[in-house]
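A.B. asks: One structure, as structure tokens, below. Some questions next.
2 protein chains.
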Amino acid sequence: MNRDDLIATALAIADGEGLDAVTIRRVAQQHDVTAMALYRHFPDKDGIFDAVIERLLGQVHIPDPDARPWDEQLRELLSGLVAALRPHPNAATLVFSRILASTPGRDITERTLALLCDSGMPVEQAAETAGQTLSSLVALVIAEPGRTNGPEPDEAAAQAKKELLLALPADRYPHLVAAADALSHCASQETYYRRGVDLIVTGMRGAPARTA
Amino acid sequence: MNRDDLIATALAIADGEGLDAVTIRRVAQQHDVTAMALYRHFPDKDGIFDAVIERLLGQVHIPDPDARPWDEQLRELLSGLVAALRPHPNAATLVFSRILASTPGRDITERTLALLCDSGMPVEQAAETAGQTLSSLVALVIAEPGRTNGPEPDEAAAQAKKELLLALPADRYPHLVAAADALSHCASQETYYRRGVDLIVTGMRGAPARTA
DNA sequence: ACCTGAACACCGTTCAAGT
DNA sequence: ACCTGAACACCGTTCAAGT
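Structure, rendered in structure tokens:
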């Protein structure tokens, strides 16, 4: 048993059964050890979550600056973040409060800030926008249509949700009924995330108060 | 003791001490009643959270359609949602999984979908975009700089966070250091949320695949 | 150095019982 | 109809004790 394996176990439980299923006792048990043994590796339960997020963000590749326009470079960086979070939607919630608390998270934020400043934004606005941007990407992952707490896509749950929408009064909710399918499951995750990142990057391109 | 007061109590505890502090036993105790009495009003703990979100979303005013461009009308609707969530950042997390599960949430989504369709988007794309948009607004509230679990802004915590950023190596994190202030607390919440909503609305205006 | 047993103060939830 | 007591199977965390 080592720290890394414990982190992996915590993440695996979160992926498979949701964050609430991650308990110190359960992580410990999976390593044939008592709950108290984990306190040698983490200060408390939150420390486990901190480590999980640090590991997750550590997988994000941060591209070196190049000659392309800032928005292309930013799209690449943000796509990398989304790609790292996508497989772990249950853990994504933990990112909100932890981006600036981990080294990889700071690296991602620093690079995002740099690119926004390249675009001509004053650094204060860039800070605000960077926070909003990174948070919105996390939200994208959390809210992916058809997501459940389970590991593989739960077709039955998605179908149930869809039928609930289809059963709504069509005169009051014409669009919800028409969009029942798209609201209850993702036709293409690639499209969903590409458009999601585009939504944010396009928004930043149009941001006013730019000096350049 | 009635259902509405119980919901208000749960929300107040969440606002003051975070979601984890909301326990059935504690809500009950505040009404001089045992925990089991709450099961007359809610099926389980999640049912309390469902009711909290329903109440929160119920306060959102949904403007009637008018002659203005779709993006202006949408901005008004989304601003209303943000205004309702802002005072309750700790509870905002609960919205992700519950927008389509409550009547007011469905009303908000229906109207958002309608306006996006007005813009010329096919309904499937509108569904995707509406979900991303509403989720991003929730993220805005959750990630508001300087936010803590407490009710009033915790100046000490914000200051500590700021100094942590200022202590970073300036050669590796020049922008984080320069933006330490803006990253650790909100200079103007009005500006933060106006720009946040603008980011999203501008992103939607620029979305391709539009037929109109 | 690393782990454990026992204990403490909590949880959500069930169910038979009270008035 | 509405509430309770007692119980069950869990939690996170502390601390003295083991090897």
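Just so you know, the protein sequences line up as chains A and B, in that order.
Going letter by letter, the first sequence gives residues 1 to 212 in our numbering.
Going letter by letter, the second sequence gives residues 1 to 212 in our numbering.
Cβ coordinates follow ideal geometry from the N, Cα and C atoms, glycine included.
Note that the structure is a prediction, hence the values are computed from the model and not measured.
1) In chain B, what lies closer than 9 Å to MET204 (chain A) by C-beta?
2) Could you check the C-alpha separation between GLN116 (chain B) and GLU163 (chain B) for me, to the nearest Å?
3) Can you give the Cα-Cα distance for ARG205 (chain B) and LEU81 (chain A), rounded to whole angstroms?
4) With a threshold of 8 Å between beta carbons, is GLY196 (chain A) in contact with chain B?
5) Taking 8 Å as the threshold (beta carbon to beta carbon), is ALA212 (chain B) in contact with chain A?
6) Are three or more beta carbon pairs between the region 176-185 of chain B and the region 143-161 of chain B nearer than 8 Å?
7) In whole angstroms, give me the CA-to-CA distance for LYS45 (chain A) and GLU190 (chain B).
8) Can you confirm whether the region 8-23 of chain B touches the region 95-102 of chain A when touching is taken to mean that 3 or more C-beta pairs between the two stretches lie within less than 8 Å?
9) Between which residues of its own chain and ILE24 (chain A) is the CB-CB distance below 7 Å, once the five residues before and five after are set aside?
10) Are the region 141-149 of chain B and the region 116-127 of chain B in contact at 8 Å, needing three or more beta carbon pairs?
11) Are the C-beta of PRO145 (chain A) and some C-beta of chain B separated by less than 8 Å?
12) What is the rounded straight-line gap between the Cα of ALA207 (chain A) and the Cα of LEU199 (chain B)?
13) Can you list the alpha helix (DSSP H) stretches of 4 or more residues lying completely in the region 146-196 of chain A, in chain order?
14) Taking the runs of the alpha helix (DSSP H) that are 4 residues or longer, which of them lie wholly in the region 13-94 of chain B?
15) Check whether the Cβ of ARG106 (chain B) lies closer than 8 Å to any Cβ atom in chain A.
16) To the nearest angstrom, how far is the alpha carbon of VAL177 (chain B) from that of ARG111 (chain B)?
17) Buried or exposed, going by whether 16 or more other CB atoms sit within 10 Å of the CB of ASP5 (chain A)?
18) Using the beta-carbon of each residue, which ones in chain A are nearer than 7 Å to TYR173 (chain B)?
19) Just mark ASP50 (chain B) as buried or exposed, buried being the case when its beta carbon has 16 or more other beta carbons within 10 Å.
20) Which of the three DSSP states, helix, strand or coil, is assigned to GLU144 (chain B)?
21) Going by other Cβ atoms of all chains shown within 10 Å of its Cβ, with 16 needed for buried, is PRO169 (chain A) buried or exposed?
22) With 8 Å as the threshold, decide whether the Cβ of THR9 (chain A) is near any Cβ in chain B.
23) Please name the residues in the region 40-65 of chain B whose beta-carbon is closer than 9 Å to at least one beta-carbon of chain A, in chain order.
24) Against chain B, with Cβ distances strictly below 8 Å, would GLN215 (chain A) count as a contact?
25) Look at the alpha carbon of ILE62 (chain A) and the alpha carbon of LEU77 (chain A), and state the distance between them as a whole number of angstroms.
26) Does any C-beta atom of chain A lie closer than 8 Å to the C-beta of CYS117 (chain B)?
27) I'd like the list of long-range same chain contacts for GLY146 (chain A), defined as Cβ closer than 7 Å, with 5 residues on each side in sequence excluded.
28) Listing by chain order, which chain B residues have their CB less than 7 Å from the CB of ILE24 (chain A)?
29) Straight-line CA distance for ALA67 (chain A) to GLN73 (chain A)?
30) So which of B:PRO89, B:VAL95, B:ILE7 has the shortest CA-CA distance to GLN30 (chain B)?
31) Sorry if obvious, but does the Cβ on TYR192 (chain B) come closer than 7 Å to a heavy atom of the ligand ZN?
32) Using beta-carbon positions only, say whether TYR193 (chain B) and ARG106 (chain A) come within less than 8 Å of one another.
33) Quick check on this structure: which residue in B:ALA114, B:PRO69, B:ARG26, B:GLU128 has the alpha carbon closest to the alpha carbon of SER188 (chain A)?
34) Which of the three DSSP states, helix, strand or coil, is assigned to ALA127 (chain B)?
35) Measure the C-alpha to C-alpha separation of ALA84 (chain B) and ASN2 (chain A) and round it to an integer number of angstroms.
36) Run the CB neighbour count on GLY58 (chain A), radius 10 Å, all protein chains shown included, and call it buried at 16 or more, exposed below.
C.D. replies: Inspection of the coordinates gives the following:
1) Position 204 of the first sequence, counted from the start, is the residue given in the question as residue 204 (chain A). Chain B residues near MET204 (chain A): LEU199, THR202, GLY203.
2) Taking the second sequence and counting its residues from 1, one reaches residue 116 (chain B) at position 116. Taking the second sequence and counting its residues from 1, one reaches residue 163 (chain B) at position 163. The residue you asked about is not Gln; residue 116 (chain B) is Leu in the sequence shown. The straight-line gap from Cα to Cα measures roughly 43 Å.
3) As a position in the second sequence, residue 205 (chain B) is number 205, starting the count at 1. As a position in the first sequence, residue 81 (chain A) is number 81, starting the count at 1. The alpha-carbon atoms of ARG205 (chain B) and LEU81 (chain A) are separated by roughly 24 Å.
4) In the first sequence, the residue the question calls residue 196 (chain A) occupies position 196. Yes, GLY196 (chain A) counts as interfacial toward chain B.
5) As a first step, residue 212 (chain B) must be located in the second sequence, where it is residue number 212. Because ALA212 (chain B) carries a pLDDT of 49, less than 50, the predicted location of this residue cannot be relied on, and the following value inherits that uncertainty. Chain A contact via Cβ: absent.
6) As far as the Cβ criterion goes, the region 176-185 of chain B touches the region 143-161 of chain B, which means the pair count is three or higher.
7) On the first sequence, position 45 is the one that residue 45 (chain A) refers to. On the second sequence, position 190 is the one that residue 190 (chain B) refers to. The straight-line gap from Cα to Cα measures roughly 35 Å.
8) No, the region 95-102 of chain A is not in contact with the region 8-23 of chain B.
9) In the first sequence, the residue the question calls residue 24 (chain A) occupies position 24. These residues qualify, in order along the chain: ALA35, LEU38, LYS45.
10) no
11) Here residue 145 (chain A) is taken as the residue at index 145 of the first sequence, counted from 1. Yes, contact with chain B.
12) For the purposes of this step, residue 207 (chain A) is taken as the residue at position 207 of the first sequence. For the purposes of this step, residue 199 (chain B) is taken as the residue at position 199 of the second sequence. Roughly 7 Å separates the two Cα atoms.
13) 155-166, 174-178, 180-184
14) 24-29, 45-58, 70-85, 89-92
15) Taking the second sequence and counting its residues from 1, one reaches residue 106 (chain B) at position 106. True, the Cβ-Cβ gap to chain A drops below 8 Å.
16) Position 177 of the second sequence holds residue 177 (chain B). Position 111 of the second sequence holds residue 111 (chain B). If I take the Cα positions, the gap works out to 42 Å.
17) For the purposes of this step, residue 5 (chain A) is taken as the residue at position 5 of the first sequence. Here ASP5 (chain A) is exposed, its C-beta having fewer than 16 other C-beta atoms within 10 Å.
18) Translated into positions along the second sequence, residue 173 (chain B) becomes position 173. The answer, in chain order, is ARG106, GLU110.
19) Your numbering for residue 50 (chain B) matches position 50 in the second sequence. Flag for ASP50 (chain B) reads buried.
20) The sequence position of residue 144 (chain B) within the second sequence is 144, counting from 1. DSSP, reduced to helix, strand and coil, places GLU144 (chain B) outside both helices and strands of the structure shown, so it counts as coil.
21) If you number the first sequence from 1, residue 169 (chain A) lands on position 169. Looking at its Cβ environment, which holds fewer than 16 other Cβ atoms inside 10 Å, PRO169 (chain A) is exposed.
22) For the purposes of this step, residue 9 (chain A) is taken as residue 9 along the first sequence, with counting starting at 1. No, THR9 (chain A) lies away from the interface with chain B (no Cβ there is under 8 Å from its Cβ).
23) none
24) Past the boundaries of the shown model lies residue 215 (chain A); chain A is included only from 1 to 212, so the question cannot be answered.
25) Stepping through the first sequence from its first residue, residue 62 (chain A) is reached at position 62. Stepping through the first sequence from its first residue, residue 77 (chain A) is reached at position 77. Roughly 6 Å between the two C-alpha positions.
26) Position 117 of the second sequence, counting from 1, holds the residue named residue 117 (chain B). Interface residue, yes.
27) Locating residue 146 (chain A) in the first sequence gives position 146, where the first residue counts as 1. Within the same chain, Cβ atoms closer than 7 Å to the Cβ of GLY146 (chain A) are found at PRO153, ALA158, SER184, HIS185, CYS186, the five residues on either side in sequence being excluded.
28) As a position in the first sequence, residue 24 (chain A) is number 24, starting the count at 1. Chain B residues near ILE24 (chain A): none, gap ~15 Å exceeds 7 Å.
29) As a working note, residue 67 (chain A) is residue 67 in the first sequence. As a working note, residue 73 (chain A) is residue 73 in the first sequence. Roughly 9 Å between the two C-alpha positions.
30) The residue you call residue 30 (chain B) lines up with position 30 of the second sequence. Per the Cα distances, B:ILE7.
31) What this structure holds is no ligand at all, so the ligand ZN is not there to describe.
32) Position 193 of the second sequence, counting from 1, holds the residue named residue 193 (chain B). Position 106 of the first sequence, counting from 1, holds the residue named residue 106 (chain A). No. Outside cutoff.
33) Here residue 188 (chain A) refers to the residue found at position 188 of the first sequence. Measuring C-alpha to C-alpha distances from SER188 (chain A) to each of B:ALA114, B:PRO69, B:ARG26, B:GLU128 identifies B:GLU128 as the nearest.
34) In the second sequence, the residue the question calls residue 127 (chain B) occupies position 127. The answer is helix: DSSP assigns ALA127 (chain B) an H, G or I state.
35) For this step, residue 84 (chain B) is matched to residue 84 along the second sequence. For this step, residue 2 (chain A) is matched to residue 2 along the first sequence. The alpha-carbon atoms of ALA84 (chain B) and ASN2 (chain A) are separated by roughly 45 Å.
36) The residue labelled residue 58 (chain A) in the question sits at position 58 within the first sequence. Answer is exposed; the Cβ neighbour count stays below 16.
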